[in-house]
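A.B. asks:
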Amino acid sequence: MDKVKQSAADAVGDIGDHASLAVGGFGLSGVPNTLIAAVLARGVRGLRVVSNNCGVDGAGLGTLLAAGRIARVTGSYIGDNKEFARQYLGGELEVELVPQGTLAERLRAGGCGIPAFFTPAGVGTQVADGGLPLRYAAAGADAGAGTVAVPSPAKEVRVFDGQEHVLEYGITTDFALVRAAKGDRYGNLVFNKAARNFNPLAAMAGRVTVAEVEELVEPGDLDPDAVHLPGVFVQRVVVLDAEQAADKQIEKRTVRT
12 MDKVKQSAAD AVGDIGDHAS LAVGGFGLSG VPNTLIAAVL ARGVRGLRVV SNNCGVDGAG
72 LGTLLAAGRI ARVTGSYIGD NKEFARQYLG GELEVELVPQ GTLAERLRAG GCGIPAFFTP
132 AGVGTQVADG GLPLRYAAAG ADAGAGTVAV PSPAKEVRVF DGQEHVLEYG ITTDFALVRA
192 AKGDRYGNLV FNKAARNFNP LAAMAGRVTV AEVEELVEPG DLDPDAVHLP GVFVQRVVVL
252 DAEQAADKQI EKRTVRT
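In the numbering used here, the protein residues as written are 12 to 268.
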């Protein structure tokens with residue numbers, strides 16, 4: 012029952028080449044930076060990442076991108092990550108762009124054992140009709156750099172109560188990496204405000220979920236009503252030191268004049 016590991020390196024030690032990872036976080040909030048750094052240190056390649064976004068230049072999943080360790084990303088947006096945009100447009104990276112609510116539900120569905128579901132989100136667009144660029148042609152390709160090498164396929168559309176809905180599949184991954192404010196030795200987790208974001212959903216989707224926690228408490232210390240994610244979804248817990256717990260970057264600092 013005690014799921015605490017000695018180090019982040021120990022907790023991610025069986026993540027290998029071409030593994031699929033669901034990673035929590037939204038922008039720079041609630042990102043499991045310590046676990047991502049441990050994956051980077053392992054030197055694994057060809058990773059298939061599912062995350063709302065892929066970090067920023069030099070932080071979070073952006074460090075794995077910059078090192079050329081990610082082969083495919085399923086996410087909602089590219090944002091200000093210039094390296095993400097460069098690799099995608101240059102044909103180095105396959106990217107599946109998914110409406111944000113649909114991505115959240117696909118992760119939740121996978122974690123609940125629901126193989127697929129219908130949603131109205133994306134009907135009448137390339138999300139349903141196909142043609143979104145999954146991969147662009149790289150420089151030197153016969154079709155010419157910048158052309159669409161791999162388009163997204165069309166999806167099944169059905170009518171329910173007079174409204175069209177598109178079929179989307181649940182997501183499960185080999186591993187999940189998440190960050191929580193508190194956790195106990197059994198893996199029960201509590202997230203802090205906006206850092207909750209995609210973390211519970213990513214944790215549910217992973218077959219093996221690793222959680223880094225800012226504060227470890229003993230079993231029974233957490234009010235059951237306060238637990239955001241029960242320990243049944245978590246297999247490993249890593250306790251952050253004071254410096255790691257305080258490492259919370261600000262994506263865009265705004266101050267009053």
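Where is the CB? At the ideal position from N, CA and C, for every residue including glycine. Because the structure is a prediction, the values reported are computed rather than measured.
Within the continuous beta strand (DSSP E) that includes residue 260, where are the two ends?
C.D. replies: No beta strand (DSSP E) contains residue 260, which DSSP labels as neither H nor E.
A.B. asks: Residue 14: buried (16+ other C-beta within 10 angstroms of its C-beta) or exposed?
C.D. replies: Buried.
A.B. asks: Can you tell which of 64, 63 and 72 has the C-alpha that lies nearest to the C-alpha of residue 52?
C.D. replies: Cα-wise, what sits closest to residue 52 is 72.
A.B. asks: In angstroms, rounded to a whole number, what distance separates the CA positions of residue 115 and residue 209?
C.D. replies: Taking the straight line joining both Cα atoms gives about 7 Å.
A.B. asks: Please confirm whether any heavy atom of the ligand SAM lies closer than 7 Å to the CB of residue 171.
C.D. replies: As presented, the structure is devoid of all ligands, the ligand SAM included, so that no description of it is given.
A.B. asks: How should residue 270 be labelled, buried or exposed, when 16 other C-beta atoms within 10 angstroms of its C-beta is the threshold for buried?
C.D. replies: Since the displayed the chain opens at 12 and closes at 268, residue 270 lies outside it and no answer follows.
A.B. asks: Does the region 169-185 come into contact with the region 215-227, if we say contact requires no fewer than three beta-carbon pairs (one atom in each stretch) closer than 8 Å?
C.D. replies: With a cut-off of 8 Å, the region 215-227 and the region 169-185 count as touching, because enough Cβ pairs lie within range.
A.B. asks: Sort out for me which residues DSSP pairs residue 193 with in a bridge.
C.D. replies: Looking at the DSSP assignment, residue 193 forms a beta bridge with 201 and 226.
A.B. asks: Rounded to a whole number of angstroms, what is the C-alpha to C-alpha distance between residue 156 and residue 81?
C.D. replies: Near 21 Å, if we compare the C-alpha coordinates of residue 81 and residue 156.
A.B. asks: Would you give the residue range spanned by the beta strand (DSSP E) that residue 130 belongs to?
C.D. replies: Where residue 130 is concerned, the enclosing beta strand (DSSP E) stretches over 127-130.
A.B. asks: Per DSSP, what are the beta-bridge partners of residue 11 in this structure?
C.D. replies: Since the first residue of the chain shown is 12 and the last is 268, residue 11 is not available in this structure.
A.B. asks: Among 141, 112, 137 and 45, which has the Cα closest to the Cα of residue 128?
C.D. replies: Of 141, 112, 137 and 45, the residue nearest in Cα terms is 112.
A.B. asks: In terms of residue numbering, what span does the beta strand (DSSP E) encompassing residue 147 cover?
C.D. replies: Segment 144-147, the beta strand (DSSP E) holding residue 147.
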